[in-house]
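Here the sequence shown stands for residues 1 to 362, where the numbers follow full-length UniProt numbering. By construction, the Cβ of each residue, glycine as well, lies at the ideal position given by its N, Cα and C atoms. Quick caveat: nothing in here was measured; it's all calculated off a predicted structure. Here the structure is laid out as structure tokens; the discussion comes afterwards.
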Amino acid sequence: MTKNPLELSLFSRGNLGTLETGSRVIMAALTRARVGRDGVPTDVNAKYYAQRASAAMIISEATAISAQGLGWVDTPGIFTDEQIEGWQKVTDEVHRRGGKIFIQLWHMGREVHPDFIGGQAPVAPSPIAAEGEVHTYAGKKPYAVPRALSHDEIQGIISDYKQAAKNALKAGFDGVELHAAGPYLPAQFLHDSSNHRTDAYGGSVENRARFIFEVVSALCEVWGSNRIGIKLSPEISLADSNTQATYLYVVNQLNRYNLAYLQMMERAWDRDEQPAIDHIQLRNTYKGRYVANGMYDLDSANKAIANGSADYISFGRLFISNPDLVERLANNGPYNEEDMSSFFTGDERGYVDYPSLAVNIV
């Protein structure tokens, strides 16, 4: 890890690959459940993202690469012409406001309930069901036992990622981020608790990570590596027999690609809690742009930029209630109070009606 000069802060200019940015404040992906069942972004979605265009870069909410991979109520896709056109409205508005936006590409794997895919079984590396329940349009239901993917089907999903990247280019995005965090398909391949395969995609960490790297390579073929990001969350993901070693291998191998950035979700709740993962080791291993995510505030974010433990900071929840978060951080507040009851309500309340310091976008 190379330390940055002490004068660097959240408000220093920077670059992510070939993308020049006016600050180091990124808007993280935020699922808000404001898209209809057809997965097509609307004018209201375009307004929401445009309100937040002062971020160094916006990362879109998780967006399904295929119908097979979509299993969350009222979330978008990027696999139909109508969805591409809907996203074009979003990117046009963000660019009109001078912003930049990447799309986060998503396949939920075994997390998809059969209700979302016509009663079919979801797919995964191995036939191991996720624990707990999932929200469907008919209410909460237990996760189903997935069907193990064949080798040819794995290649088909990699092709779906590549086609989604092409669709994102057509929709006017500035780049793509591979969602390899959380409990979704890339992580299902990577973690040995969810991957019991004995072929080229299972067993050793090299084999379990193969899917992620083949997807990254496919995305790079479309965009070039300097417009590709990846998100990982070793501490907020699936169980693994040696999480640190697994992610150390992945991060080290990512150095081969010269990506625009690696985004690391470090914590989801409490920054004072002792982490189970040595993120400093992971940061020191990665040679490219490192985006840190996880309960940062102005002080901790500035310290991370100044001491080189991060090149950028991505903020999630603060962007929900503060569309002009960059300006508010620069002024050390004030910050709007969030309304958690409206996080996933599906209407405009708590979505596009938070005031800015100046004038609301209309």
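In the DSSP annotation of this structure, Lys140 is not part of any alpha helix (DSSP H); the continuous beta strand (DSSP E) holding it starts and ends at Gly139 to Pro142. According to DSSP, Tyr290 shares a beta bridge with Leu262. Of the other Cβ atoms in all chains shown, fewer than 16 fall within 10 Å of the Cβ of Met340; this residue is therefore exposed. Residue environment analysis places Asn252 among the exposed positions, since fewer than 16 neighbouring C-beta atoms fall within 10 angstroms of its C-beta. Excluding the 5 residues flanking it on each side, Pro142 has same chain C-beta neighbours closer than 6 Å at Glu133, in chain order. A distance of 8 Å or more separates the beta carbons of Ile212 and Cys220. Counting along the chain, Trp87 sits inside the alpha helix (DSSP H) bounded by residues Asp81 to Arg96. Taking each of Arg256, Ala260, Val215 and Ala245 in turn and checking the Cα distance to His279, the smallest one comes out for Ala245. Beta-bridge pairing by DSSP links Phe319 to no other residue.
Cβ-Cβ distances below 7 Å link Leu329 to Leu10, Val25 and Leu298 in the same chain, with the five nearest sequence neighbours on each side left out; the list follows chain order.
For Ala130, the closest alpha carbon among the candidates Arg37, Glu177, Tyr184 and Leu169 is that of Tyr184. Distance from the CA atom of Ile117 to the CA atom of Asp174, rounded to whole angstroms, is 30 Å. Residue pairing for Thr21: DSSP places it in a beta bridge opposite Gly14. In its chain, beyond the 5 residues on either side, Lys89 have a beta carbon closer than 8 Å to the beta carbon of Asp43. As far as DSSP is concerned, Leu30 takes part in no beta bridge.
Apart from the 5 residues on each side of it in sequence, Asn45 sits with its Cβ closer than 7 Å to the Cβ of Arg34, Val35 and Val90 in its chain, given in chain order. When DSSP states are grouped into helix, strand and coil, Gln120 belongs to the coil group. Distances from the alpha-carbon of Ala138 to those of Asp74, Asp160 and Ala306 put Asp74 closest. Cβ contact annotation for Asp38 (same chain, cutoff 6 Å, sequence separation greater than five): none. Contact fails between the region 234 to 249 and the region 147 to 165, because fewer than three Cβ pairs, one in each stretch, are under 8 Å apart.
Under the three-state reduction of DSSP output, Phe102 falls in the strand class. Taken through DSSP and simplified to helix, strand or coil, Gly77 comes out as strand. With 16 or more other Cβ atoms from the protein chains shown falling within 10 Å of its own Cβ, Asp160 counts as buried.
CA-to-CA, the gap between His196 and Gln281 works out to about 28 Å. Taken through DSSP and simplified to helix, strand or coil, Thr42 comes out as coil.
Shown here, His151 sits in a helix according to DSSP, grouped into three states. Trp223 and Leu169 have their C-alpha atoms some 8 Å from each other.
With contacts defined as CB atoms closer than 8 Å, Gln68 and Val123 qualify as a contacting pair.
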